[in-house]
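As you go down the protein sequences, you meet chains L and F in turn.
First residue of the first sequence: 1, per the numbering used here; consecutive thereafter.
First residue of the second sequence: 1001, per the numbering used here; consecutive thereafter.
Quick reminder that beta carbons are idealized off the backbone N, C-alpha and C, glycines included.
Have a look at the structure below, then the notes.
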Amino acid sequence: MKYISETPLDIVGLFADAHHPQAGAIVLFSGEVRDNNLGMSVDYLEYEAHESMASKMVAAILNEARTKWPLDIAVAQHRTGKVAVGESAVVVITASPHRSEAYAANRYIIDRIKHEVPIWKCEYFTDGTKKWGGNCNCHDVTGDVNKHVYEFDQLKS
Amino acid sequence: MKVQVFAALKDYFDKEFELKEDVDNVTELRQYLTELNTSAGNMLKTCRFAIDDEFVDQNYQLKENDTISVIPPSSGG
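Here it is, written out as structure tokens:
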């Protein structure tokens, strides 16, 4: 499985491969490039990764998700390079017998990829400026660069 | 040892460079890089360091042929 891709993500192809006879639910999340951020008009994004490290970490996160939920399928791919508005920067697909596990696992995987995996975005705005950013600023809250605030934690109730 | 930097840090340092100075551990390396380019100081405070695709802690003793990656906070997705 390829976890980091320099070329456009084949969402349809990945989804086509994600069916499983024991899975009654498949959840596909696609993180896509918006045309605006913080009041600025976005032209495109460029992603960079520490590729070998990022690949190992995505694989490990998928394995951890499999230990937490009964998943028949767990795949994820993240783009590098230039990604246009409306294109997918990251896709996560989970499949399980019932939907609650597929939803929960999907949220867990995307949250951990966003916060922990060494992948960075640079925003290029239509006015010609650029900004490395959208950094996870969890350390401002937790006081520790290794501790993150996860949306999937907030969803538990 | 070799130092690799990523993302916004490339605006402050070469993407990859050889380090000949006597830097014993990660804490000293962070200090050294901050002195090399003080405007990167705030960013370096939030960075983590990795060797052979694994994060290492502040006390990790650097070895001569280590390639150390300086990893800013993630901003994927």
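Continuous beta strand (DSSP E) stretch holding Glu46(L): start and end: By 1-based counting over the first sequence, the position of residue 46(L) is 46. It spans Met40 to Ala49 - the beta strand (DSSP E) in which Glu46(L) sits, taken as one unbroken run.
Extent of the continuous alpha helix (DSSP H) to which His115(L) belongs: Locating residue 115(L) in the first sequence gives position 115, where the first residue counts as 1. From DSSP, the alpha helix (DSSP H) with His115(L) extends over Arg99 to Glu116.
Beta-carbon contacts of Arg94(L) that lie in its chain and below 6 angstroms, excluding the five residues immediately before and after: Counted from its first residue, the first sequence places residue 94(L) at position 94. One detail in the question is off: residue 94(L) reads as Thr in this sequence, not Arg. If we look at Thr94(L) and ignore the five residues flanking it on each side, its Cβ neighbours are Val27, Leu71, Ala74, Ala102, Ala105 and Asn106.
Contact under 9 angstroms by Cβ, Ile11(L) with Leu62(L): As a first step, residue 11(L) is located in the first sequence; it is residue number 11 there, counting from the start. As a first step, residue 62(L) is located in the first sequence; it is residue number 62 there, counting from the start. The answer is no: Cβ separation not under 9 angstroms.
Assigned exposure category for Glu48(L) - 16 Cβ within 10 Å defines buried: Within the first sequence, residue 48(L) is the residue found at index 48, counting from 1. With 16 or more Cβ atoms within 10 Å of its Cβ, Glu48(L) is classed as buried.
Cβ contact (3+ pairs, closer than 8 angstroms) linking the region 1046-1060 of chain F and the region 1024-1032 of chain F: yes
Chain L within 9 angstroms of Glu1018(F), Cβ atoms only: As a position in the second sequence, residue 1018(F) is number 18, starting the count at 1. So no, Glu1018(F) is outside the interface.
Listed by chain order, chain F residues near Ala74(L) by CB distance under 8 angstroms: Counting from one through the first sequence, the residue named residue 74(L) turns up at place 74. Result: empty, since nearest Cβ-Cβ is about 17 angstroms, beyond 8 angstroms.
Of the listed residues Leu14(L), Ala54(L) and Gly86(L), nearest to Leu45(L) (C-alpha basis): If you number the first sequence from 1, residue 45(L) lands on position 45. Among Leu14(L), Ala54(L) and Gly86(L), the Cα nearest to that of Leu45(L) belongs to Gly86(L).
Counted within 10 angstroms of its Cβ, other Cβ atoms place Asp140(L) as buried (16 or more) or exposed: Taking the first sequence and counting its residues from 1, the one referred to as residue 140(L) is at position 140. Looking at its Cβ environment, which holds fewer than 16 other Cβ atoms inside 10 Å, Asp140(L) is exposed.
Contacts of His139(L) in chain F (Cβ-Cβ under 8 angstroms): In the first sequence, residue 139(L) corresponds to position 139, counting from 1. Correct list: Thr1046 and Pro1073.
Identity of the residue in Ser5(L), Ser96(L) and Lys147(L) nearest Lys68(L) by Cα: Within the first sequence, the letter at position 68 stands for residue 68(L). When each option's Cα is compared against that of Lys68(L), the closest is Ser96(L).
Lys56(L) to Glu1021(F) span [Cα, whole Å]: Here residue 56(L) is taken as the residue at index 56 of the first sequence, counted from 1. Here residue 1021(F) is taken as the residue at index 21 of the second sequence, counted from 1. In a straight line, the C-alpha of Lys56(L) is about 31 angstroms away from that of Glu1021(F).
Local conformation of Ala18(L) per DSSP, three classes: Reading the first sequence from its first residue, position 18 is the one you call residue 18(L). Coil.
Terminal residues of the beta strand (DSSP E) in which Glu1021(F) lies: On the second sequence, position 21 is the one that residue 1021(F) refers to. Taken as a continuous stretch (DSSP letters only), Glu1021(F) belongs to no beta strand (DSSP E), as it is neither H nor E.
For His139(L), the three-state DSSP class (helix, strand or coil): Position 139 of the first sequence, counting from 1, holds the residue named residue 139(L). Of the three classes helix, strand and coil, the one that applies to His139(L) here is helix, per DSSP.
Under 9 angstroms (Cβ pairs) to chain F, residues found in the region 28-59 of chain L: Gly31, Tyr47, Glu48, Ala49, His50, Ser52, Met53, Ala54, Ser55, Lys56 and Met57
Cut-off 8 angstroms between Cβ atoms - residues of its own chain near Glu1016(F), not counting five sequence neighbours on either side: Reading the second sequence from its first residue, position 16 is the one you call residue 1016(F). Once the five neighbours on either side are set aside, the close Cβ partners of Glu1016(F) are Lys1002, Val1003, Gln1004 and Val1005.
Alpha helix (DSSP H) segment containing Thr129(L), residue limits: Counting from 1 along the first sequence, the entry for residue 129(L) is found at position 129. From DSSP, Thr129(L) is part of no alpha helix (DSSP H); its letter is neither H nor E.
Beta-carbon proximity of Gly24(L) to Arg99(L), cut-off 9 angstroms: By 1-based counting over the first sequence, the position of residue 24(L) is 24. By 1-based counting over the first sequence, the position of residue 99(L) is 99. Contact: yes.
Backbone CA spacing between Asp1042(F) and Thr129(L) [nearest angstrom]: Position 42 of the second sequence, counted from the start, is the residue given in the question as residue 1042(F). Position 129 of the first sequence, counted from the start, is the residue given in the question as residue 129(L). A small fix is needed here, since residue 1042(F) is Asn in this sequence, not Asp. Near 22 angstroms, if we compare the C-alpha coordinates of Thr129(L) and Asn1042(F).
Neighbour flag for Val149(L) against chain F, beta carbons, 9 angstroms: Working through the first sequence from its first residue, we reach residue 149(L) at position 149. So no, Val149(L) is outside the interface.
Residue environment, Ser157(L), which counts as buried when at least 16 other CB atoms sit within 10 Å: Numbered from its first residue, the first sequence carries residue 157(L) at position 157. In this prediction, Ser157(L) scores a pLDDT of 48, lower than 50, which makes its location untrustworthy; the coordinate-derived value is nonetheless stated afterwards. With fewer than 16 other Cβ atoms within 10 Å, it is exposed.
Spatial distance of Leu1033(F) from Phe1013(F) (CA atoms): By one-based count along the second sequence, residue 1033(F) stands at place 33. By one-based count along the second sequence, residue 1013(F) stands at place 13. Spanning the two alpha carbons is a distance of roughly 9 angstroms.
Of the listed residues Asp111(L), His115(L) and Met1(L), nearest to Pro1072(F) (C-alpha basis): For the purposes of this step, residue 1072(F) is identified with residue 72 of the second sequence, where counting begins at 1. Checked all of Asp111(L), His115(L) and Met1(L); the closest Cα to Pro1072(F) is His115(L).
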